[in-house]
Amino acid sequence: MSTYPRRRQVLGAAAGVAAAAAVPLAAAGPASATPATHPDTGTGADEERGDPWGTAPDPVPVPLDALFDNDGIDTAGARGGNFDGSGYTFPGEELPAGRVEVDGIPFTFPSSAAGAKNNVVALGQRLDLPRGRYLSAVFLTAGSYGEASGHATVHYADGTTSGAGLGGSDWYSGSGALSAPYRYKPDGTKDEHRVGIGVSEIWLDPGREAVALTLPTTNPAQENKASLHIFALSLQPAAVGRALFLRDAHSTNSLLESSGAQSVEATVVNAGSVAVLAADRLTVSVDVPGARTVEPARVTRLLPGEQARVRVGIRNRGGVRPGTVQGGRVLATGRGATAAASSRDLTLGVADYLPTDASLAGHQAPYWFHAAKFGIFIHWGLYSVPAWSPVGKQYAEWYWNHLQSPDNEVYAYHEQKYGRDFAYDDFIPMFRAERFDPRAWVELFRDAGAQYHVLTSKHHEGFALWDTKVSDRNSVKMGPKRDLIKELFDASKRYTPELHRGLYFSMPEWFNPDNPWMGHAPRNPYTQAPVPYTGHTAGKDYVKDYQAPQMRELIHGYDPQVIWCDIGGANDSYHVIADYFNNGKNRPKPYEVAVNNRSGIPFHDFTTPEYTTYENTVVAKWESSRGLDPFSYGYNQATPDDRYMTTEEVVHSLVDIVSKNGNFLLDIGPRADGTIPEIMQTRLRETGEWLKVNGEAIYDTTYWSRMAQLGQDLRFTVRQNRAFYIHSLSAPGAKLTVEAPVPIRSGDKVTLLGHRRPLTWTVRGGALVIDVPEAARRSGKHVWVFKVEWQQ
Numbered sequence: 000m001s002t003y004p005r006r007r008q009v010l011g012a013a014a015g016v017a018a019a020a021a022v023p024l025a026a027a028g029p030a031s032a033t034p035a036t037h038p039d040t041g042t043g044a045d046e047e048r049g050d051p052w053g054t055a056p057d058p059v060p061v062p063l064d065a066l067f068d069n070d071g072i073d074t075a076g077a078r079g080g081n082f083d084g085s086g087y088t089f090p091g092e093e094l095p096a097g098r099v100e101v102d103g104i105p106f107t108f109p110s111s112a113a114g115a116k117n118n119v120v121a122l123g124q125r126l127d128l129p130r131g132r133y134l135s136a137v138f139l140t141a142g143s144y145g146e147a148s149g150h151a152t153v154h155y156a157d158g159t160t161s162g163a164g165l166g167g168s169d170w171y172s173g174s175g176a177l178s179a180p181y182r183y184k185p186d187g188t189k190d191e192h193r194v195g196i197g198v199s200e201i202w203l204d205p206g207r208e209a210v211a212l213t214l215p216t217t218n219p220a221q222e223n224k225a226s227l228h229i230f231a232l233s234l235q236p237a238a239v240g241r242a243l244f245l246r247d248a249h250s251t252n253s254l255l256e257s258s259g260a261q262s263v264e265a266t267v268v269n270a271g272s273v274a275v276l277a278a279d280r281l282t283v284s285v286d287v288p289g290a291r292t293v294e295p296a297r298v299t300r301l302l303p304g305e306q307a308r309v310r311v312g313i314r315n316r317g318g319v320r321p322g323t324v325q326g327g328r329v330l331a332t333g334r335g336a337t338a339a340a341s342s343r344d345l346t347l348g349v350a351d352y353l354p355t356d357a358s359l360a361g362h363q364a365p366y367w368f369h370a371a372k373f374g375i376f377i378h379w380g381l382y383s384v385p386a387w388s389p390v391g392k393q394y395a396e397w398y399w400n401h402l403q404s405p406d407n408e409v410y411a412y413h414e415q416k417y418g419r420d421f422a423y424d425d426f427i428p429m430f431r432a433e434r435f436d437p438r439a440w441v442e443l444f445r446d447a448g449a450q451y452h453v454l455t456s457k458h459h460e461g462f463a464l465w466d467t468k469v470s471d472r473n474s475v476k477m478g479p480k481r482d483l484i485k486e487l488f489d490a491s492k493r494y495t496p497e498l499h500r501g502l503y504f505s506m507p508e509w510f511n512p513d514n515p516w517m518g519h520a521p522r523n524p525y526t527q528a529p530v531p532y533t534g535h536t537a538g539k540d541y542v543k544d545y546q547a548p549q550m551r552e553l554i555h556g557y558d559p560q561v562i563w564c565d566i567g568g569a570n571d572s573y574h575v576i577a578d579y580f581n582n583g584k585n586r587p588k589p590y591e592v593a594v595n596n597r598s599g600i601p602f603h604d605f606t607t608p609e610y611t612t613y614e615n616t617v618v619a620k621w622e623s624s625r626g627l628d629p630f631s632y633g634y635n636q637a638t639p640d641d642r643y644m645t646t647e648e649v650v651h652s653l654v655d656i657v658s659k660n661g662n663f664l665l666d667i668g669p670r671a672d673g674t675i676p677e678i679m680q681t682r683l684r685e686t687g688e689w690l691k692v693n694g695e696a697i698y699d700t701t702y703w704s705r706m707a708q709l710g711q712d713l714r715f716t717v718r719q720n721r722a723f724y725i726h727s728l729s730a731p732g733a734k735l736t737v738e739a740p741v742p743i744r745s746g747d748k749v750t751l752l753g754h755r756r757p758l759t760w761t762v763r764g765g766a767l768v769i770d771v772p773e774a775a776r777r778s779g780k781h782v783w784v785f786k787v788e789w790q791q
């Protein structure tokens with residue numbers, strides 16, 4: 000079996016028709032004369048017997064055989080499947096059979112026997128469940144022809160329902176809890192491209208007895224239609240009293256920023272009916288020979304049904320070499336007893352990275368990247384000179400490629416504006432960057448509230464913005480005659496040292512004569528006559544002598560904290576990325592770096608949807624990017640100011656993405672002279688003004704395990720052990736009603752960020768109701784953020 004180390008887990012965005020908490024919430028706020036007693040603080044049966052912690056029930060695999068309607072798995076000797084409607088299938092040799100455990104959850108994985116159905120395409124089928132009270136339903140899913148998702152409905156014995164988004168990532172993206180290094184083509188041969196099956200989880204109300212589940216309605220498995228496929232299902236039962244369990248406990252190669260200690264991660268799940276509070280003194284630690292816990296994790300608020308991801312810091316004892324594997328236990332203790340334990344093999348210390356899947360799999364997105372949430376993308380290059388495409392239709396930075404097609408509007412535009420004999424490389428002397436002020440740039444990014452910036456070091460046109468030694472096709476030898484990356488990074492280090500610095504790098508080049516991505520060297524699109532690839536000396540091995548050396552120049556010369564690759568294709572990324580990670584020997588600790596999912600190999604620290612987002616929470620780290628322009632990263636001079644994103648749209652996008660565990664990389668396109676259009680500057684500064692007031696609900700927060708959003712207008716974020724945030728995307732009325740099991744208790748304080756006075760609140764029928772006076776409503780704009788400050 001081949002398993003991919005990066006799980007892509009989707010948590011359902013529940014929108015309960017009768018969504019109530021597992022237990023009633025306190026019906027009292029700061030203005031109440033007499034605080035109500037929270038009903039889940041009583042003594043449970045286990046505590047009466049002397050044991051303060053009960054046992055969480057094991058997950059229950061649910062057979063799906065009766066619903067299976069698709070054969071998506073083949074083997075070399077047993078053909079006949081058709082997963083995606085085009086005849087492609089998963090390889091059964093690389094997948095499990097029967098019982099399989101994923102992130103500590105047991106599933107029954109279906110058969111790959113010839114002719115056997117092994118997954119259900121979600122078309123609104125109803126599935127009867129073993130009657131019971133459950134915290135969640137966990138699925139193994141995949142999408143064919145793209146990300147696929149829809150609305151699932153949970154049915155309860157009392158006739159009520161709750162709703163949740165259920166989705167699956169595109170199997171062709173290769174990420175997931177289960178994956179294979181190839182797929183079978185319709186003719187039975189191997190397509191050497193990794194495919195994957197991920198985990199998707201939806202919340203159920205443990206206060207009601209579940210009886211059935213209706214699957215979303217997506218598309219039948221047909222070519223070019225996105226379909227959601229479900230392979231397996233397990234239910235997590237709820238317990239009565241105090242009961243916790245640990246999920247997905249494992250060592251990491253990440254370092255805690257507070258101490259520099261190695262991090263061991265685990266998810267603490269409250270499976271019981273009693274809240275975890277500060278008085279329980281719940282602590283997570285590691286017991287393993289060869290290392291000691293130096294920074295335990297604490298959980299001071301976890302209501303029934305909720306989850307909290309924690310990080311425990313450990314250090315090797317003297318003489319234990321980095322990379323030593325040792326059996327140990329991750330322990331959750333509280334009230335003087337062990338609440339939960341997970342036995343695991345742990346890797347102690349961080350050894351040097353090797354150019355292999357197994358070694359690189361130990362790396363993950365650094366914690367600063369998780370906390371940052373908001374970055375600025377900068378597309379700047381030769382394409383910034385013509386800076387034209389039909390508005391909202393295609394990327395302006397793809398000008399040279401668009402120019403190749405007589406059917407594209409750029410073809411006619413270029414002929415009229417510049418003439419048939421004006422080659423793309425004739426833009427090089429026009430790219431002068433004469434008004435580029437790197438200090439003004441980075442101070443604008445800081446004022447926007449961004450935490451990092453990512454500059455295009457080289458786009459698909461192959462023009463490098465640094466002093467590369469492997470080609471004269473760069474901004475130092477021609478054009479601006481300046482090392483633009485160095486100037487930006489130097490300014491960032493000096494004037495905005497709090498910002499993290501990253502670089503985009505295109506793996507292929509459209510028309511590089513040594514390895515043209517588009518199949519041919521540069522030519523006149525009107526006559527087809529060959530034209531020079533300016534500054535390039537032909538005859539190199541593209542990967543060995545050109546691409547890999549350029550990436551190493553960036554790594555060792557500029558030490559970016561993010562390398563944002565694009566396109567993939569031919570590469571030596573295993574060696575280059577291992578070199579990048581090992582270059583940390585020369586960095587102060589902890590100073591960690593990240594690589595996205597487009598370097599051409601399966602490994603990645605985060606995924607990168609562009610001009611789109613996910614419907615639900617995705618636990619594996621991701622980052623959504625888009626331009627302020629309606630559909631371009633590079634500057635498009637044809638775009639009028641009123642077509643750019645409004646500040647409200649920027650803030651709404653940021654809140655939506657962050658609530659689902661994503662980062663927002665918002666792109667600007669400077670002009671060729673280095674100036675940033677005024678409309679872009681205005682949008683960034685206005686976003687920064689909102690973040691000055693509301694940033695605590697964005698930075699260093701995490702998703703709420705129960706749901707990311709409620710309806711169209713509400714989103715949620717959590718600052719662990721401190722506060723819960725409700726984001727209203729529309730102006731609230733005199734009362735804000737939140738029909739969700741908000742983690743609030745008697746004595747907690749509710750405020751609207753930007754308004755100083757606490758607000759009165761109550762809980763009615765399981766819904767939180769907040770009184771919002773007119774003065775509070777007037778104090779907000781774009782998104783109104785309500786803070787539930789937990790009192791310990």
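All residue numbers for the sequence shown refer to my numbering, where the first residue is 0 and numbers rise by one.
Cβ atoms here follow ideal geometry from the backbone N, Cα and C, with glycine treated the same way.
_Nearest residue (CA-CA) to Y183, options S174, R78 and V283_ = The residue given as residue 183 occupies position 184 in the sequence shown. It is R78.
_Using only the alpha-carbon positions, how far apart do L302 and D279 sit?_
For the purposes of this step, residue 302 is taken as the residue at position 303 of the sequence shown. For the purposes of this step, residue 279 is taken as the residue at position 280 of the sequence shown. The alpha-carbon atoms of L302 and D279 are separated by roughly 12 Å.
*Are the region 536 to 554 and the region 502 to 515 in contact at 8 Å, needing three or more beta carbon pairs?*
Three or more beta-carbon pairs drawn from the region 536 to 554 and the region 502 to 515 are found closer than 8 Å, and the two stretches are therefore classed as touching.
*Ignore the nearest five residues each way along the sequence and tell me which others in L402's own chain have a CB closer than 8 Å to its CB.*
On the sequence shown, residue 402 is found 403 positions in, with the first residue counted as 1. Counting only Cβ-Cβ distances below 8 Å, and skipping sequence neighbours, we find V409, Y410, H413, Y423 and P524.
*Would you say the region 317 to 326 touches the region 222 to 235, given that touching needs at least three Cβ pairs under 8 Å?*
Note that the region 317 to 326 does not touch the region 222 to 235; fewer than 3 beta-carbon pairs, one per stretch, sit closer than 8 Å.
*Does DSSP put P129 in a helix, in a strand, or in coil?*
On the sequence shown, position 130 is the one that residue 129 refers to. Correct three-state label for P129: strand.
_Residues sharing a beta bridge with G226, DSSP_ = Taking the sequence shown and counting its residues from 1, one reaches residue 226 at position 227. Looking at the sequence itself, residue 226 is Ser, so the reference to Gly does not match. Here S226 is bridged, per DSSP, to S143.
_Unbroken stretches of the alpha helix (DSSP H), 4 residues or longer, contained in the region 572 to 600_ = Taken in chain order, the whole alpha helix (DSSP H) runs of length 4 or more contained in the region 572 to 600 are 572 to 581.
*Helix, strand or coil: which one does DSSP assign to R334?*
For this step, residue 334 is matched to residue 335 along the sequence shown. R334 falls in the coil class under three-state DSSP.
*Buried or exposed: which applies to M429, given that a residue is buried once 16 or more other Cβ atoms fall within 10 Å of its Cβ?*
Locating residue 429 in the sequence shown gives position 430, counting from the first residue. It is exposed - the Cβ of M429 has fewer than 16 other Cβ atoms within 10 Å.
*Among G304, L281, L330 and P236, which residue has its Cα nearest to the Cα of V287?*
Here residue 287 refers to the residue found at position 288 of the sequence shown. Closest in alpha carbon position to V287, among G304, L281, L330 and P236, is L330.
*What are the boundary residues of the beta strand (DSSP E) that Q261 is part of?*
Counting from one through the sequence shown, the residue named residue 261 turns up at place 262. Taken as a continuous stretch (DSSP letters only), the beta strand (DSSP E) holding Q261 covers Q261 to N269.
_Contact set for G114: own chain, Cβ-Cβ below 6 Å, skip 5 residues either direction_ = Residue mapping note: residue 114 aligns to position 115 of the sequence shown, counting from 1. The answer, listed in chain order, is G79.
*How long is the line joining the alpha carbons of M706 and V542, rounded to whole angstroms?*
Stepping through the sequence shown from its first residue, residue 706 is reached at position 707. Stepping through the sequence shown from its first residue, residue 542 is reached at position 543. Looking at the two C-alpha atoms, the distance is approximately 44 Å.
*asked:* At the level of alpha carbons, what is the spacing between V657 and G687?
replied: Taking the first residue of the sequence shown as position 1, residue 657 is located at position 658. Taking the first residue of the sequence shown as position 1, residue 687 is located at position 688. Put simply, the backbone Cα of V657 is about 16 Å away from that of G687.
_Tell me the rounded alpha-carbon separation between P512 and P385._
Counting from one through the sequence shown, the residue named residue 512 turns up at place 513. Counting from one through the sequence shown, the residue named residue 385 turns up at place 386. Taking the straight line joining both Cα atoms gives about 23 Å.
_Taking the straight line between their C-alpha atoms, what separation do you get for L381 and Y451?_
Reading the sequence shown from its first residue, position 382 is the one you call residue 381. Reading the sequence shown from its first residue, position 452 is the one you call residue 451. Going by C-alpha positions, L381 is about 24 Å away from Y451.
*For the region 695 to 703 against the region 362 to 379, are there 3 or more C-beta pairs whose distance is under 8 Å?*
Touching, yes, given that three or more Cβ pairs across the two stretches are closer than 8 Å.
*Closest to L212 by CA distance: which of A156, V267 and H369 is it?*
Sequence index remark: in the sequence shown, residue 212 carries index 213 (1-based). Among A156, V267 and H369, the Cα nearest to that of L212 is on A156.
*Measure the C-alpha to C-alpha separation of V594 and G461 and round it to an integer number of angstroms.*
Within the sequence shown, the letter at position 595 stands for residue 594. Within the sequence shown, the letter at position 462 stands for residue 461. Each residue's alpha carbon lies about 20 Å from the other.
_Span of the alpha helix (DSSP H), counted from its first residue to its last, around S115_ = Counted from its first residue, the sequence shown places residue 115 at position 116. A small correction: the amino acid at residue 115 is Ala; Ser does not occupy that position in the sequence shown. No alpha helix (DSSP H) contains A115, which DSSP labels as neither H nor E.
*T606 (DSSP reduced to helix, strand or coil)*: One-based indexing of the sequence shown puts residue 606 at position 607. In this structure, T606 counts as strand in the three-state DSSP scheme.
*Provide the residue(s) that pair with Q708 in DSSP beta bridges, ordered along the chain.*
Translated into the one-based positions of the sequence shown, residue 708 becomes position 709. Answer is R714, bridged to Q708.
*Under a three-way DSSP split, which group does S652 fall into?*
Working through the sequence shown from its first residue, we reach residue 652 at position 653. Reduced to three states, the DSSP call for S652 is helix.
*Under a Cβ-count criterion, where at least 16 other Cβ atoms within 10 Å of its own Cβ denotes burial, should N223 be classed as buried or exposed?*
Position 224 of the sequence shown, counting from 1, holds the residue named residue 223. Result: exposed.
*Take R310 and list the residues in its own chain whose beta-carbon comes closer than 7 Å to its own, dropping the five residues that flank it on each side.*
Working through the sequence shown from its first residue, we reach residue 310 at position 311. Around R310: L255, S262, E264 and A296.
_For Q791, report the span of its alpha helix (DSSP H) as first-last._
By one-based count along the sequence shown, residue 791 stands at place 792. Annotation: Q791 is outside any alpha helix (DSSP H) and is labelled neither H nor E by DSSP.
*Tell whether a beta-carbon distance below 8 Å holds between D127 and S161.*
As a working mapping, residue 127 is identified with position 128 in the sequence shown. As a working mapping, residue 161 is identified with position 162 in the sequence shown. Against a cut-off of 8 Å, the Cβ pair of S161 and D127 comes out as no contact.
*Please go through the same chain and pick out, in chain order, the residues whose beta-carbon is closer than 6 Å to the beta-carbon of A547, but skip the five residues on each side of it.*
Against the sequence shown, residue 547 aligns to sequence position 548. These residues qualify, in order along the chain: D571 and V575.
*From what residue to what residue does the beta strand (DSSP E) around Q306 run?*
As a working mapping, residue 306 is identified with position 307 in the sequence shown. Looking at the DSSP string, the run of the beta strand (DSSP E) that includes Q306 is Q306 to N315.
_Are the CB atoms of D666 and R625 within a distance shorter than 8 Å?_
Translated into positions along the sequence shown, residue 625 becomes position 626. Translated into positions along the sequence shown, residue 666 becomes position 667. Yes, Cβ-Cβ distance for R625 and D666 is below 8 Å.
_Rounded separation between Q719 and V101 - CA only_ = Here residue 719 is taken as the residue at index 720 of the sequence shown, counted from 1. Here residue 101 is taken as the residue at index 102 of the sequence shown, counted from 1. Taking C-alpha positions only, Q719 is separated from V101 by approximately 25 Å.
*asked:* Just verifying my parser: in three-state terms, what is the DSSP assignment at P60?
replied: What you label residue 60 is simply residue 61 of the sequence shown in a count that begins at 1. For P60, the secondary structure class from DSSP, reduced to helix, strand or coil, is strand.
*N660 and V618 closer than 8 Å at C-beta*: If you number the sequence shown from 1, residue 660 lands on position 661. If you number the sequence shown from 1, residue 618 lands on position 619. At the C-beta level, N660 and V618 come within 8 Å of one another.
*Per DSSP, K748 is paired with what?*
In the sequence shown, the residue the question calls residue 748 occupies position 749. BP columns for K748 point to E788.
_Backbone secondary structure at L553 - three-state DSSP_ = Here residue 553 corresponds to residue number 554 of the sequence shown, with the count starting at 1. In the structure shown, L553 falls within a helical segment according to DSSP collapsed to helix, strand and coil.
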